[in-house]
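Heads up: the sequence shown at position 27 corresponds to 402 in our numbering, and the numbers run straight through without jumps. Below is one structure, written out as C-alpha coordinates; comments come after it.
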Amino acid sequence: MATKIKIVTAKDFLEVTPDGIINLATSKQLLIDIAKADTPPADYELFVDFRDTQSDLSITDVYMLAGELFKHGMTFRRKVALLVVPGINFDRAHFFETCSQNQGFSVNAFTDYEKAMRWILSDEDSPANNAPPEL
376 MATKIKIVTA
386 KDFLEVTPDG
396 IINLATSKQL
406 LIDIAKADTP
416 PADYELFVDF
426 RDTQSDLSIT
436 DVYMLAGELF
446 KHGMTFRRKV
456 ALLVVPGINF
466 DRAHFFETCS
476 QNQGFSVNAF
486 TDYEKAMRWI
496 LSDEDSPANN
506 APPEL
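What follows is the structure, encoded as C-alpha coordinates:
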(Lines of atoms letter the chains of each structure in order from A; the text may use other names.)
(Lines give C-alpha, C1' and ligand atoms only; values in the text may rest on other atoms or scores of the structure.)
Protein backbone atom coordinates (compact mmCIF):
# COMPACT_ATOMS: atom_id res chain seq x y z
CA MET A 376 0.00 0.00 0.00
CA ALA A 377 1.33 3.45 -0.91
CA THR A 378 2.10 5.90 1.86
CA LYS A 379 1.72 9.64 1.38
CA ILE A 380 4.23 11.69 3.35
CA LYS A 381 4.18 15.45 3.82
CA ILE A 382 7.64 16.76 4.74
CA VAL A 383 7.87 20.16 6.41
CA THR A 384 10.73 22.01 8.01
CA ALA A 385 10.48 23.82 11.32
CA LYS A 386 10.69 27.17 9.55
CA ASP A 387 7.34 26.33 7.95
CA PHE A 388 5.63 26.81 11.31
CA LEU A 389 8.13 28.44 13.68
CA GLU A 390 8.72 32.18 13.34
CA VAL A 391 11.96 33.44 14.82
CA THR A 392 12.55 37.15 15.48
CA PRO A 393 15.80 38.82 14.35
CA ASP A 394 16.97 38.45 17.97
CA GLY A 395 16.65 34.67 17.66
CA ILE A 396 13.57 34.39 19.86
CA ILE A 397 10.72 32.17 18.72
CA ASN A 398 7.45 34.06 18.37
CA LEU A 399 5.12 31.52 19.97
CA ALA A 400 1.85 33.26 19.04
CA THR A 401 2.78 33.43 15.36
CA SER A 402 4.16 29.89 15.47
CA LYS A 403 0.87 28.57 16.85
CA GLN A 404 -0.98 30.37 14.04
CA LEU A 405 1.35 28.87 11.41
CA LEU A 406 0.67 25.40 12.87
CA ILE A 407 -3.07 26.13 12.59
CA ASP A 408 -2.54 27.23 8.97
CA ILE A 409 -0.83 23.90 8.21
CA ALA A 410 -3.79 22.13 9.80
CA LYS A 411 -6.28 24.08 7.67
CA ALA A 412 -4.30 23.65 4.44
CA ASP A 413 -5.78 20.21 3.89
CA THR A 414 -9.36 19.18 4.34
CA PRO A 415 -9.52 16.82 7.32
CA PRO A 416 -9.06 14.02 7.61
CA ALA A 417 -5.62 14.34 6.04
CA ASP A 418 -4.46 11.24 4.23
CA TYR A 419 -0.73 11.67 4.74
CA GLU A 420 1.91 11.01 7.36
CA LEU A 421 3.73 14.13 8.57
CA PHE A 422 7.54 14.29 8.71
CA VAL A 423 8.86 17.44 10.44
CA ASP A 424 12.57 18.19 10.01
CA PHE A 425 14.00 20.29 12.86
CA ARG A 426 17.68 19.56 12.13
CA ASP A 427 18.48 23.13 11.02
CA THR A 428 16.64 24.67 13.97
CA GLN A 429 17.97 25.71 17.35
CA SER A 430 15.11 26.20 19.78
CA ASP A 431 14.87 28.11 23.01
CA LEU A 432 11.30 26.97 23.58
CA SER A 433 10.51 26.31 27.21
CA ILE A 434 8.81 23.12 28.31
CA THR A 435 5.63 25.19 28.72
CA ASP A 436 5.93 26.43 25.11
CA VAL A 437 6.39 22.86 23.86
CA TYR A 438 3.33 21.79 25.86
CA MET A 439 1.28 24.62 24.32
CA LEU A 440 2.31 23.56 20.79
CA ALA A 441 1.28 19.99 21.61
CA GLY A 442 -2.06 21.41 22.72
CA GLU A 443 -2.50 22.98 19.28
CA LEU A 444 -1.95 19.55 17.75
CA PHE A 445 -4.79 18.21 19.91
CA LYS A 446 -7.12 21.05 18.90
CA HIS A 447 -6.68 20.06 15.25
CA GLY A 448 -6.82 16.32 15.81
CA MET A 449 -8.54 15.43 12.56
CA THR A 450 -5.68 16.89 10.52
CA PHE A 451 -2.90 15.35 12.59
CA ARG A 452 -4.56 11.98 13.16
CA ARG A 453 -1.90 10.00 11.32
CA LYS A 454 1.75 9.48 12.20
CA VAL A 455 4.00 12.47 12.87
CA ALA A 456 7.78 11.99 12.88
CA LEU A 457 9.97 14.69 14.43
CA LEU A 458 13.58 14.68 13.18
CA VAL A 459 15.96 16.61 15.46
CA VAL A 460 19.61 16.77 16.43
CA PRO A 461 20.66 15.08 19.69
CA GLY A 462 20.74 17.15 22.87
CA ILE A 463 18.31 19.71 24.20
CA ASN A 464 16.30 19.77 20.95
CA PHE A 465 15.79 16.01 21.23
CA ASP A 466 14.75 16.35 24.88
CA ARG A 467 12.09 18.89 23.92
CA ALA A 468 10.98 16.82 20.93
CA HIS A 469 10.72 13.77 23.20
CA PHE A 470 8.57 15.81 25.63
CA PHE A 471 6.35 16.89 22.69
CA GLU A 472 6.13 13.22 21.69
CA THR A 473 5.04 12.25 25.22
CA CYS A 474 2.43 15.04 25.45
CA SER A 475 1.03 14.10 22.04
CA GLN A 476 0.94 10.37 22.77
CA ASN A 477 -0.89 11.10 26.04
CA GLN A 478 -3.61 12.69 23.88
CA GLY A 479 -3.78 9.64 21.58
CA PHE A 480 -1.57 10.87 18.74
CA SER A 481 1.08 8.77 17.03
CA VAL A 482 4.12 11.07 17.35
CA ASN A 483 7.74 9.91 17.62
CA ALA A 484 10.99 11.89 17.88
CA PHE A 485 14.11 10.72 16.03
CA THR A 486 17.72 11.79 15.56
CA ASP A 487 18.24 9.48 12.57
CA TYR A 488 16.57 10.21 9.21
CA GLU A 489 16.48 6.57 8.10
CA LYS A 490 14.91 5.36 11.36
CA ALA A 491 12.29 8.10 11.16
CA MET A 492 11.44 7.19 7.57
CA ARG A 493 11.28 3.45 8.38
CA TRP A 494 8.84 4.22 11.21
CA ILE A 495 6.69 6.43 8.96
CA LEU A 496 6.52 3.65 6.35
CA SER A 497 5.78 0.88 8.89
CA ASP A 498 2.47 -0.12 10.45
CA GLU A 499 4.00 0.36 13.91
CA ASP A 500 2.29 2.78 16.32
CA SER A 501 -0.55 3.67 13.97
CA PRO A 502 -3.87 4.41 15.61
CA ALA A 503 -6.35 1.58 15.13
CA ASN A 504 -8.19 2.09 11.83
CA ASN A 505 -6.59 5.55 11.68
CA ALA A 506 -9.22 6.67 14.17
CA PRO A 507 -8.65 10.23 15.34
CA PRO A 508 -8.27 10.89 19.04
CA GLU A 509 -11.55 11.77 20.66
CA LEU A 510 -11.91 15.52 21.10
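Glycine included, each C-beta is placed from N, C-alpha and C at the ideal position.
query	result
Residue burial classification, L421 (beta-carbon count within 10 angstroms, cutoff 16)	buried
Residues of its chain near V459, where Cβ-Cβ distance is below 7 Å and the 5 sequence neighbours each way are ignored	F425, R426, F465, A468, A484 and T486
Boundaries (first-last residue) of the alpha helix (DSSP H) holding D466	I463 to N477
Reduced DSSP category for L389 - H, G, I as helix; E, B as strand; rest coil	coil
Distance cut-off 7 Å: Y488 Cβ against heavy atoms of the ligand ATP	In the structure shown, the ligand ATP is absent, as is every other ligand, since no ligand is present at all.
Host beta strand (DSSP E) of E420 (start-end)	E420 to D424
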